[in-house]
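Residue numbers (the working numbering): 317 to 479. For glycine and all other residues, C-beta sits at the position ideal for the given N, C-alpha and C.
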């Protein structure tokens with residue numbers, strides 16, 4: 317028992333010693349500085365002891381920003397209404413969009429083919445001395461034509477249309 321009492325007394329003196337003082341002073345720039353070391357022209361702050369218990373929740377705490385209530389379990393019977401819209405109207409809209417895309421892709425293919433034919437006939441001034449640039453430009457145009465052809469094939473397959 318004496319040992320326990322001795323340990324408690326030593327621990328309480330340690331806690332009292334460990335609780336450092338806080339000093340406040342104003343530096344040359346006019347800023348307030350807080351430190352645990354006494355400095356010339358600083359004053360000791362009297363701070364209240366730290367509380368280990370939470371304050372009781374008040375009514376204003378509930379209305380504070382960021383406070384959320386617990387989720388309510390709303391198990392009221394909800395009536396789910398089946399979608400009575402027929403599948404055909406959705407399919408018609410899809411078909412129309414696919415037809416528009418097919419038309420745009422055909423136009424883009426035509427434009428790409430014309431650009432490729434024009435590029436094969438003429439070289440740009442920067443390509444006169446650098447044939448690699450010319451070949452790169454032609455390859456990019458060929459790739460664009462191929463891409464548009466693939467897109468047309470895919471759209472035609474989805475629509476069930478043959479080219």
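Give me the DSSP bridge partner(s) of residue i.
{"i": "residue 342", "result": "348"}
{"i": "residue 359", "result": "340"}
Go through its chain and collect everything with a Cβ distance to residue i's Cβ below 7 Å, but skip five positions before and after it.
{"i": "residue 348", "result": "340 and 342"}
{"i": "residue 354", "result": "339"}
Here's the rule I'm using: 16 or more other beta-carbon atoms within 10 Å means buried, otherwise exposed. How should residue i be labelled?
{"i": "residue 416", "result": "exposed"}
{"i": "residue 421", "result": "buried"}
{"i": "residue 457", "result": "buried"}
Once the 5 residues before and after residue i are set aside, which same chain residues still bring their CB inside 8 Å of it?
{"i": "residue 418", "result": "468, 471, 472, 475 and 477"}
{"i": "residue 361", "result": "337, 338, 339, 340 and 350"}
{"i": "residue 461", "result": "425, 428, 429 and 432"}
{"i": "residue 414", "result": "471, 474 and 475"}
Could one say the Cβ of residue i lies closer than 8 Å to chain B's Cβ atoms, at least one of them?
{"i": "residue 358", "result": "The displayed structure is made up of one protein chain only, and chain B is not part of it."}
Residue j and residue i - do their beta-carbons sit closer together than 8 Å?
{"i": "residue 309", "j": "residue 435", "result": "No information on residue 309 is available, as it lies outside the stretch 317 to 479 that the chain covers here."}
Taking 6 Å as the limit between beta carbons, can you name the residues of its chain near residue i, skipping five residues before and five after?
{"i": "residue 439", "result": "450"}
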